[in-house]
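Below is one structure, written out as structure tokens, with a few remarks after it.
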Amino acid sequence: MTDKVMTLHELCDSFGISRRTIQGYEKRGLVKATGRNMRGYLLYDPHMQAEILRVRRLQKFGFPVKEIKTLLLLPKDELRSRLVTQKLILERKKEEVEEQLTLLAGMIDQLE
34 MTDKVMTLHE LCDSFGISRR TIQGYEKRGL VKATGRNMRG YLLYDPHMQA EILRVRRLQK
94 FGFPVKEIKT LLLLPKDELR SRLVTQKLIL ERKKEEVEEQ LTLLAGMIDQ LE
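The opening residue of the sequence shown carries number 34 in my numbering; numbering runs sequentially from there.
Pasting the structure below:
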């Protein structure tokens with residue numbers, strides 16, 4: 034993230050996010066452009082850039098986009114609780130994947 038205002042194109046290139054993703058966030062009311070330049074290109078200030086990254090992180094943590102708007106409105110204590118719960122869920126999934134990998138490796142070894 035930078036301290037400069039970015040166009041939609043710059044934002045997408047910088048964050049590795051598609052234009053369609055940003056538009057989807059805007060459609061759901063999660064983020065919005067903070068202005069337009071003289072050519073009419075959408076602009077995003079540093080605060081909105083931070084919000085876009087926050088939404089993106091929550092999505093990567095496994096929260097559905099439909100739920101993220103609610104999460105962003107929660108008081109810090111409630112948000113923390115939801116994040117802790119999600120962390121436990123992801124840790125459980127990690128254990129399951131590690132178990133599957135071990136079983137798979139064993140199966141591969143048996144075929145040699």
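Positions of the beta carbon are idealized from the N, C-alpha and C atoms, including for glycine.
Locate the alpha helix (DSSP H) running through residue i, then write down its first and last residues.
i	result
Leu44	Leu41 to Phe48
Arg61	First-last for Arg61: undefined, no H or E at that position.
Val146	Since the first and last residues shown for the chain are 34 and 145, residue 146 lies out of range.
With a CB to CB cut of under 8 Å and the five nearest residues on each side skipped, what residues in its chain are close to residue i?
i	result
Ile50	Leu44, Ile85 and Arg89
Using a Cβ-Cβ cutoff of less than 7 Å, which residues in the same chain neighbour residue i once the five nearest sequence positions on both sides are dropped?
i	result
Asp142	none
Looking only at its chain, what residues have a beta carbon closer than 6 Å to the beta carbon of residue i, apart from the 5 residues adjacent to it on each side?
i	result
Phe94	Gln119
Val38	Leu76 and Asp78
Helix, strand or coil for residue i per DSSP?
i	result
Tyr77	strand
Arg52	helix
Arg69	strand
Gly95	coil
What do you reckon, are the CB atoms on residue i and residue j nearer than 8 Å?
i	j	result
Arg53	Leu41	no
Gly57	Lys102	no
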